[in-house]
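Structure, as structure tokens:
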Amino acid sequence: AVLTQWAPMAANSGIPPIKSFLNGTLVKGGLLDWRTCIAKLVGIILIVATNLPLGREGPMVHIGAMLAAIITHLPLPGTRDLLELRLPEAQRAWVGIGAAAGVAAAFNAPFGGILYSFEEVCSTWTEHMTWRAFFCVVIVSLTYTFCVEFSNDELQVGLSINLQHDVSLSIFRSGQIGWVVLLAGACGALGACYNAVV
Numbered sequence: 001a002v003l004t005q006w007a008p009m010a011a012n013s014g015i016p017p018i019k020s021f022l023n024g025t026l027v028k029g030g031l032l033d034w035r036t037c038i039a040k041l042v043g044i045i046l047i048v049a050t051n052l053p054l055g056r057e058g059p060m061v062h063i064g065a066m067l068a069a070i071i072t073h074l075p076l077p078g079t080r081d082l083l084e085l086r087l088p089e090a091q092r093a094w095v096g097i098g099a100a101a102g103v104a105a106a107f108n109a110p111f112g113g114i115l116y117s118f119e120e121v122c123s124t125w126t127e128h129m130t131w132r133a134f135f136c137v138v139i140v141s142l143t144y145t146f147c148v149e150f151s152n153d154e155l156q157v158g159l160s161i162n163l164q165h166d167v168s169l170s171i172f173r174s175g176q177i178g179w180v181v182l183l184a185g186a187c188g189a190l191g192a193c194y195n196a197v198v
């Protein structure tokens, strides 16, 4: 409650106002400022540390979006004259990429972060955003893996990835691969028909 008094926009999950911002609505009240970011970071740390049954998706989407907005406004050398960092459309693009990074950080799912931002959060998506988001979530995933692998076992919060999986088809019994391929093809054809009708 103290955090929400200090930064009122940290009170909710953050996804609805982020969606509103990305759709072009002017959201007042410090949606993307540093106070809300600090309050949201402290809040999510306390939630995870106390094992409360609250979701981490919303706060991490909001934190990623805020960090993207804050970073694009930093007075870094050579960025003062970059028009791309000052235009509202570009600001929304970077916030969408930050939202993808937030999901990737929350679940260690880089492609899931991109797809979530593409499908659920952003109202517009360009090819440039795809490559920027891809680069961003790969860095997020590598940082996450590095932190988990080199942390003390008592402090380890997330699940570690084993990058040396034995990829084999032994999980299928004989004859099942054909059925899986048939099912995947049928679902793909149905999806194409649905998209053609809609």
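Counting from 1, one number per residue, gives the positions in the sequence shown under the UniProt record's numbering.
Heads up, the beta-carbon is just placed ideally off N, CA and C, and yes, glycines get one too.
Legend entry - Inter-residue Cα distance where the pair is Gly55 and Ala68: 21 Å
Legend entry - The alpha helix (DSSP H) enclosing Ala100, as first and last residue numbers: 88-107
Inset, instruction - Using three-state DSSP, classify Leu159 as helix, strand or coil. - result: Note that Leu159 scores 46 on pLDDT, short of 50, meaning its location in the model is unreliable and no value can be drawn from it.
Legend entry - Proximity of Leu3 and Val42 at Cβ, strictly below 8 Å: yes
Inset, instruction - Report the rounded CA-to-CA distance for Ala99 versus His128, giving the unit in angstroms. - result: 16 Å
Legend entry - Check whether Pro59 and Ser20 have beta carbons under 8 Å apart: no
Inset, instruction - For the region 87-102 and the region 116-135, state whether three or more C-beta atom pairs, one from each stretch, are separated by less than 8 Å. - result: yes
Inset, instruction - Could you pull out every residue in the same chain whose Cβ sits closer than 7 Å to the Cβ of Ala133, ignoring the five residues on either side in sequence? - result: Ile97, Ala100, Ile114, Ser117
Inset, instruction - Alpha carbon to alpha carbon, how far is Ser151 from Gly64? Give it in angstroms, no decimals. - result: 22 Å
Inset, instruction - Just the C-alpha distance for Ala192 and Trp131, rounded to the nearest angstrom, thanks. - result: 25 Å
Legend entry - Distance between Tyr194 and Ala184 (C-alpha atoms, nearest Å): 15 Å
Inset, instruction - Look up residue 210 in the DSSP assignment and say whether it is helix, strand or coil. - result: In the structure as shown, the chain starts at 1 and stops at 198, and residue 210 therefore has no counterpart that could be examined.
Inset, instruction - Using a threshold of 8 Å, state whether the C-beta atoms of residue 200 and Val48 are closer than that. - result: With the chain represented from 1 up to 198, any question about residue 200 goes unanswered, as that position is not in the structure.
Legend entry - Assigned exposure category for Thr50 - 16 Cβ within 10 Å defines buried: exposed
Legend entry - Secondary structure of Ser123, DSSP reduced to three states: coil
Inset, instruction - Could you tell me the distance, in whole angstroms, from the CA atom of Leu142 to the CA atom of Ala109? - result: 11 Å
Inset, instruction - Reducing DSSP to helix, strand and coil, say where Phe111 ends up. - result: helix
Legend entry - Sub-8 Å separation of Thr25 and Ala7 beta-carbons: no
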